[in-house]
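Asker: Per UniProt numbering, the sequence shown starts with residue 1, numbered consecutively.
Note that beta-carbon positions come from the ideal geometry of N, C-alpha and C, so glycine has one too.
Shown below is the structure under consideration.
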Amino acid sequence: MSKRDLFAGSGDQLNWLLHLNFVRKDYDKCRNLLRVDHERQCQNEYGSYVLGLVARIDGDINESLKHFQTASAINCKNVANFKQIAKSLFLLARHKAALDVYSEAEKLCHNDWELTHNKALCYMYLKDLNKAKEVLNEAIQYKDSHLSHSLLGEIYQSEMNINKSIAAYTKALAVFPENVDISCTLGLLYLQMGDYKNAFSHLGNAMTYDPDNVKAIMGAGSMLQMHGDHDVALAKYKLAVRYIPNSGPLWNNIGMCYFNKKKLVAAVSCLKRAHYFCPLERTISQNLVLIYLYSQQYASAFNFITSAMFLRFKSALHYFLLAVLYELIKMADKLHHYRYIVLTKQIRTVTLSHLKDRENSKQAFKQALQLDDKDALISLNFSIFLFNNGDHKSASEQYNSYKSKLQHKNYENDSEVREASEKLCSALHLGSV
């Protein structure tokens, strides 16, 4: 007796064997069994369903869609078929069509969390965020799932509503406390808000469950770096290098750690590697500009600042750096000039002095102020520039503007900024240096 005769019978009679082979991941045997059904012209709903799953696992989404549609044609009352059709459409980026199928499925099965959650996901990809939030809140009523809370937090985060995003992720973590990704995301959100205590708590919690989690390691290293603990931050980053050796942001952070340790050659080497991996990342170009300015390599600095401006033309920081660059000269022994303070998002400082090409620099400062009229540091540096060039009246105006802008972001917690501000204020009141 042949194997074909051994498995002879209606398609449904072989479903138990089909299921057994599928859960064992023996997909070739699944195909062979279903080939027998096809030759006998049996209409097997479950067989078509399994073929759809196998095709999706193989990466053939179009083929999987055809099989699920066949299964649905055999039994149009089975919600599972509709769910898989919609999922295949979603994976093909046909979000509107997937949404229509989910809506049809809801007519057969009311109050289904999976259907409602996936509808919200489609709305999110269709950029209808308000509808997505509404549907997600409905899904949460059906099932208190960490997935729905996390998706809601992601939407709030995309809207820059950090407080609501933190609230949503906190609820997700309450449902699933061991979830490392949620802990990491919460830690990074708290870090963004400047709440270092909660940030460290959540990132530490994530590393407790997964010591090798790159996202948590990068977040913890970044926080240590911001607090000036560069040696410990470097130790964290060296762990991350084992898992993501080609990460531009990682090499950028390593480079800035070396810069703060005054190891300029190592810093440039790391930042050059970061720039190689992420040539379109303007932050890396900005950091290279700072290091080249610090080491008085002005031609290299000019190359990278123009590159950064090409990537983002309307950036106040770029015009400010260009203003400083236009004015630099080689002499460095005149003590009556005040320092220019440049702070990037990583709170880096660099000391610059001695000016030339005055008109170009002044125009660049004005352009920087037009692009960001709330940044107090631009006004402070413009005031220093004007004072150094003898325009004390305009310098006083810019200094007053700097003081008024501190309500948006107070930089005077930084000792170098506070020192420069106090000295400039004293000099302006005296009328001489």
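1. Sorted by chain position, which residues of the same chain lie with C-beta nearer than 6 Å to L173's C-beta, five sequence neighbours on each side aside?
2. Distance, Cα to Cα, G431 vs L424?
3. Given K133, which residues of its chain have a CB within under 7 Å of its CB, disregarding the five upstream and five downstream residues?
4. Tell me the rounded alpha-carbon separation between S383 and L371.
5. Can you give me the Cβ contacts of D112 inside the same chain, cut-off strictly under 8 Å, excluding the 5 residues immediately before and after it?
6. Is S415 buried or exposed, if buried means 16 or more other CB atoms sit within 10 Å of its CB?
7. What residues in its chain sit with their C-beta under 7 Å from that of V241, if we drop five residues either side in the sequence?
8. Taking only three categories from DSSP, how would you classify Y300?
9. L17 lies in the alpha helix (DSSP H); which residues open and close that run?
10. Taking all protein chains shown into account, decide if M207 is buried (16 or more other Cβ within 10 angstroms of its Cβ) or exposed.
11. Using only alpha-carbon positions, find the residue among L129, I140, V180 and D144 that is nearest to S158.
12. When you compare each of F385, D391 and D229 to A420 by their alpha carbons, which one comes out closest?
13. Assign N246 to buried or exposed, taking buried as 16 or more other Cβ atoms, counted over all protein chains shown, within 10 Å of its Cβ.
14. Smallest Cα separation from K263: which of G47, L20, P279 and Y292?
15. If you drop the 5 nearest sequence neighbours on each side, which residues of the same chain put their C-beta closer than 7 Å to that of L335?
16. DSSP three-state call for N32: helix, strand or coil?
17. So Y30 packs on V54, CB below 8 Å; how close in whole Å?
18. Mind checking which residues open and close the alpha helix (DSSP H) that includes M160?
19. Below 6 Å CB to CB, which residues in the same chain sit around N21 once its five sequence neighbours on both sides are set aside?
20. Taking buried to mean at least 16 other C-beta atoms within 10 Å of its own C-beta, is S404 buried or exposed?
21. Apply the 10 Å Cβ neighbour rule to K96 and answer buried if 16 or more other Cβ atoms are within range, or exposed otherwise.
22. By the DSSP assignment, the alpha helix (DSSP H) with F382 in it spans what residues?
23. Could you say which of I162, Y209, Y46 and N213 lies nearest to L191 if we only look at CA atoms?
24. So which of N179, L428 and L406 has the shortest CA-CA distance to S394?
25. Are the Cβ atoms of M257 and A233 separated by less than 7 Å?
26. Just the C-alpha distance for N137 and H230, rounded to the nearest angstrom, thanks.
27. Is P249 helix, strand or coil by DSSP?
28. Can S150 and I140 be called in contact, C-beta distance under 7 Å?
29. Suppose contacts are defined by Cβ-Cβ distances below 7 Å. Is Y102 in contact with N81 by that definition?
30. I want to check one thing, is the minimum distance from the CB of Q141 to the heavy atoms of the ligand MN below 6 Å?
31. Rounded to whole angstroms, what is the Cα-Cα separation between I85 and G52?
32. Report buried or exposed for C122, applying the criterion of at least 16 other Cβ atoms within 10 angstroms of its Cβ.
33. Specify, as a first and last residue, the run of the alpha helix (DSSP H) that R273 falls within.
34. With distance defined between alpha-carbon atoms, name the residue in D60, K87 and G47 nearest to T70.
35. Using the C-alpha atoms, what's the distance from R418 back to I378?
Answerer: Straight from the coordinates:
1. I182
2. Only weak support is given to the placement of G431: the predicted model assigns it a pLDDT of 43, under 50, and the value that follows is read from those uncertain coordinates. So the two alpha carbons sit approximately 10 Å from each other.
3. Only L152 and I155 meet the Cβ criterion.
4. The alpha-carbon of S383 is positioned some 17 Å away from that of L371.
5. V79, A105, E106 and Y142
6. exposed
7. L250
8. Before going on, a small fix: residue 300 reads as Ser here, not Tyr. When DSSP states are grouped into helix, strand and coil, S300 belongs to the helix group.
9. N15 to V23
10. buried
11. L129
12. F385
13. exposed
14. Y292
15. Model confidence at L335 stands at a pLDDT of 27, short of 50, so the residue's coordinates are unreliable; what they give is reported in the following sentence. Answer for L335: no residue qualifies.
16. helix
17. Residue identity differs from the one stated: residue 30 is Cys in this sequence, not Tyr. Sure, about 6 Å apart at Cβ, within 8 Å.
18. No alpha helix (DSSP H) contains M160, which DSSP labels as neither H nor E.
19. K29 and C30
20. exposed
21. exposed
22. A376 to N388
23. I162
24. L428
25. Note on identity: in this sequence residue 257 is Cys, with Met being the wrong assignment. Against a cut-off of 7 Å, the Cβ pair of A233 and C257 comes out as a contact.
26. 43 Å
27. helix
28. no
29. no
30. The ligand MN is absent from the structure shown, which contains no ligands of any kind.
31. 9 Å
32. buried
33. For R273, the enclosing alpha helix (DSSP H) stretches over residues L264 to F277.
34. It is G47.
35. 14 Å
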